Structure formats: structure tokens, C-alpha cells
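Peer 1: For the sequence shown, the working numbering gives the first residue as 42, with consecutive numbering after it.
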Amino acid sequence: DDEKRKPEIAVRARFKVRGALEFSVLGYFTGRVSEARIPLILGAYPRTIPEKKQFSAGLSASGSVGIALFKGGGGLETVDFDRDMFKRIINDLSVEDDFNILFLGCPHLCLEEIEEIARVVKGRRIVKGKEVWLCTSRSIYTQAFNKGLVKIVEEAGFKVFVDTCLIVSPLKPKVVGTNAVKTAHYIRSMHKANVKIAEAIALLRGVLE
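(1) Got a sec, what are the start and stop residues for the beta strand (DSSP E) residue 51 sits in?
(2) What is the DSSP secondary structure of residue 121, counted as helix, strand or coil?
(3) Whose CA, out of 74, 169 and 94, lies closest to the CA of residue 177?
(4) Which residue comes first and which comes last in the alpha helix (DSSP H) that contains residue 82?
(5) Considering residue 235, what are the terminal residues of the beta strand (DSSP E) in which it resides?
(6) Under 8 Å, do residue 168 and residue 250 count as touching if we go by C-beta distance?
(7) What residues in its chain sit with their C-beta under 7 Å from that of residue 156, if we drop five residues either side in the sequence?
(8) Which whole-angstrom value describes the C-beta separation of residue 102 and residue 54, a residue pair presumed to lie in contact below a C-beta threshold of 8 Å?
(9) Taking residue 234 as the reference, which of 160, 194, 114 and 141 has the closest Cα?
(10) I need the straight-line Cα distance from residue 205 to residue 92, nearest angstrom please.
(11) With DSSP as the reference, identify every bridge partner of residue 161, one or two as the case may be.
(12) Does the separation of the CB atoms of residue 161 and residue 238 fall below 8 Å?
(13) Using DSSP bridges, identify the partner residues of residue 176.
(14) So, do the stretch 190-204 and the stretch 225-233 have three or more beta carbon pairs nearer to each other than 8 Å?
(15) Closer than 8 Å by C-beta to residue 117: which residues in its own chain qualify, once you throw out the five before and the five after it? Chain order, please.
(16) Would you kindly work out how many angstroms separate the C-alpha atoms of residue 110 and residue 68, rounded to a whole number?
(17) Compare the C-alpha of residue 64 against each of 132, 240, 248 and 244 and name the closest.
(18) Can you check whether the CB of residue 107 is closer than 8 Å to the CB of residue 75?
(19) Name the residue from 45, 44 and 226 whose alpha carbon lies nearest to the alpha carbon of residue 136.
(20) Got a sec, what are the start and stop residues for the beta strand (DSSP E) residue 136 sits in?
(21) Just confirm the distance between the C-beta atoms of residue 144 and residue 222, as a whole number of angstroms; I'd bet it's less than 8 Å.
(22) With distances taken between CB atoms, is the gap from residue 124 to residue 186 smaller than 8 Å?
Right, here's the structure in full:
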């Protein structure tokens, strides 16, 4: 019922939030300050599938929020999300150390993301001493395979996994590179490993010859 969908706290973005990483951090911050309350997001709206996915994943990683609203409400307690807070969250979760495994796909990669990765890595190889894990759903894997994208990334030395996640694997990584705050949150708490957070493209370029 509508009474259960009314916002109880507002989070106002004080800068132009764009890209999967920034929305991941906005979601994480929102979950943390909202706890179990329904948040209203002001000044930001995720438009792409990766942005929506990462916002929702960040939201659930840090709080008990079942729904977030992007319009409606008024007169609410309002918490600001600015550039300083964005940097603080990244710094709290991330280390400067180089990573030995790059993990992209928590939440699972969509076709758009796999296409972008394939464009970056086509005809190149990963450097010695690095591993790259990509995780996606079975249906997206099939689409990516049929478009030749899986072949491109596997020829670069990447590993593609279906319907699973590094977080629940028995691996004991030292430092994991990721573009997702959800990944950082759970890798740190469940594997006691360090994490380096950055945009996916920047991380990819750091593992290629």
C-alpha cells in the first residue's frame, strides 16, 4: 500500500553523480544513513542499467532498505552527499596497493558492460601476475557468447564465470580491484582482503599489456 512507500529520509546529491562507481557509492551512503527507512534521492537519477544496478547493490550492502524513491515527499530530514563524502567512502574502503585479481561482476555484468570490456581489451593480453574475473548470469553469458564477446575477453586471458561470484568462492585474494562498493564491502568483511576501488575502464587498462 502507498503508506508503506512514503519516504522517511532524503539524501541530496550535491554534485552531478554519473557512472556506475559514483552511483554505487551514492547507494552505499544512502543505505548507511537510511538504515531501515525509505529514502528519497534528490538531485541524482541513475539512467543506465549499470548505474541502476550498482546503486541498488550499494544500497542493500550497507542498510536494510527495500525501496528507494526519486520523486515525491517533502519536509524530510535531509542528508547531503557531496564530493568530500564520495572520496571519504572510497578512501575508507580502498587501499593504494596494487591488486592481484580484478573482479567485475558483483552484481552480475549486463550485456552493455561486457560489450564495453570487450572494446577495451580486444587484441590485447593481461600482464603477467594478474587475474581478471568476470561474472554474469547465464542468459547474459549466452548473448555475449553469441556476439563473440566471450571469445574476445577469454583471448585476452580473462576468466568468465556464470551464476556465481568471487565473494562466495574459496579463493583467498590479497588485494582485489573492483568498481563496486558492494564487492568492496563483502570482500573486506568475508575474505579479510584489501580492495582497490576505481572506475572499471581505469582498472582494465591497469591489467593490460
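Virtual Cβ for every residue (Gly too), placed ideally from N, Cα, C.
All values reported here derive from a predicted model rather than from experimental measurement.
Peer 2: Let me spell this out:
(1) The residue given as residue 51 occupies position 10 in the sequence shown. In the DSSP annotation of this structure, the continuous segment of the beta strand (DSSP E) that includes residue 51 starts and ends at 50-54.
(2) Looking up residue 121 in the sequence shown gives position 80. Here residue 121 sits in strand by DSSP.
(3) Counting from 1 along the sequence shown, the entry for residue 177 is found at position 136. In terms of Cα proximity to residue 177, the closest of 74, 169 and 94 is 94.
(4) As a position in the sequence shown, residue 82 is number 41, starting the count at 1. From DSSP, residue 82 is part of no alpha helix (DSSP H) but of the beta strand (DSSP E) over 80-83.
(5) Looking up residue 235 in the sequence shown gives position 194. Annotation: the continuous beta strand (DSSP E) that includes residue 235 extends over 235-238.
(6) Position 127 of the sequence shown, counted from the first residue, corresponds to residue 168. Position 209 of the sequence shown, counted from the first residue, corresponds to residue 250. A contact, by the Cβ cut-off of 8 Å.
(7) Numbered from 1 along the sequence shown, position 115 holds the residue referred to as residue 156. The residues are 190.
(8) Locating residue 102 in the sequence shown gives position 61, where the first residue counts as 1. Locating residue 54 in the sequence shown gives position 13, where the first residue counts as 1. About 19 Å; that fails the 8 Å criterion.
(9) Within the sequence shown, numbered from 1, the residue matching residue 234 stands at position 193. With respect to the C-alpha of residue 234, the residue from 160, 194, 114 and 141 having the closest C-alpha is 141.
(10) One-based indexing of the sequence shown puts residue 205 at position 164. One-based indexing of the sequence shown puts residue 92 at position 51. Distance from the CA of residue 205 to the CA of residue 92, rounded to the nearest whole angstrom, comes to 21 Å.
(11) By 1-based counting over the sequence shown, the position of residue 161 is 120. Residue 161 pairs with nothing; no bridge assigned.
(12) The residue you call residue 161 lines up with position 120 of the sequence shown. The residue you call residue 238 lines up with position 197 of the sequence shown. Contact: no.
(13) Translated into positions along the sequence shown, residue 176 becomes position 135. Residue 176 is bridged to 202.
(14) Using a C-beta cut-off of 8 Å, the stretch 190-204 makes no contact with the stretch 225-233, since fewer than three inter-stretch Cβ pairs fall below that distance.
(15) By 1-based counting over the sequence shown, the position of residue 117 is 76. Around residue 117: 48, 49, 50, 51 and 81.
(16) Looking up residue 110 in the sequence shown gives position 69. Looking up residue 68 in the sequence shown gives position 27. Residue 110 and residue 68 have their alpha carbons spaced roughly 12 Å apart.
(17) Your numbering for residue 64 matches position 23 in the sequence shown. Here the closest residue by C-alpha is 240.
(18) Here the question's residue 75 lines up with position 34 in the sequence shown. Here the question's residue 107 lines up with position 66 in the sequence shown. Contact flag unset, no.
(19) Taking the first residue of the sequence shown as 1, we reach residue 136 at position 95. Of all alpha-carbon atoms in 45, 44 and 226, the one lying nearest the alpha-carbon of residue 136 is that of 226.
(20) Start at 1 with the first residue of the sequence shown, and residue 136 comes out as number 95. If you look at residue 136, you'll find it isn't in any beta strand (DSSP E); DSSP assigns it neither H nor E.
(21) Taking the first residue of the sequence shown as position 1, residue 144 is located at position 103. Taking the first residue of the sequence shown as position 1, residue 222 is located at position 181. Not really, about 13 Å apart at Cβ, beyond 8 Å.
(22) On the sequence shown, position 83 is the one that residue 124 refers to. On the sequence shown, position 145 is the one that residue 186 refers to. Cβ distance not < 8 Å, so residue 124 and residue 186 don't count as in contact.
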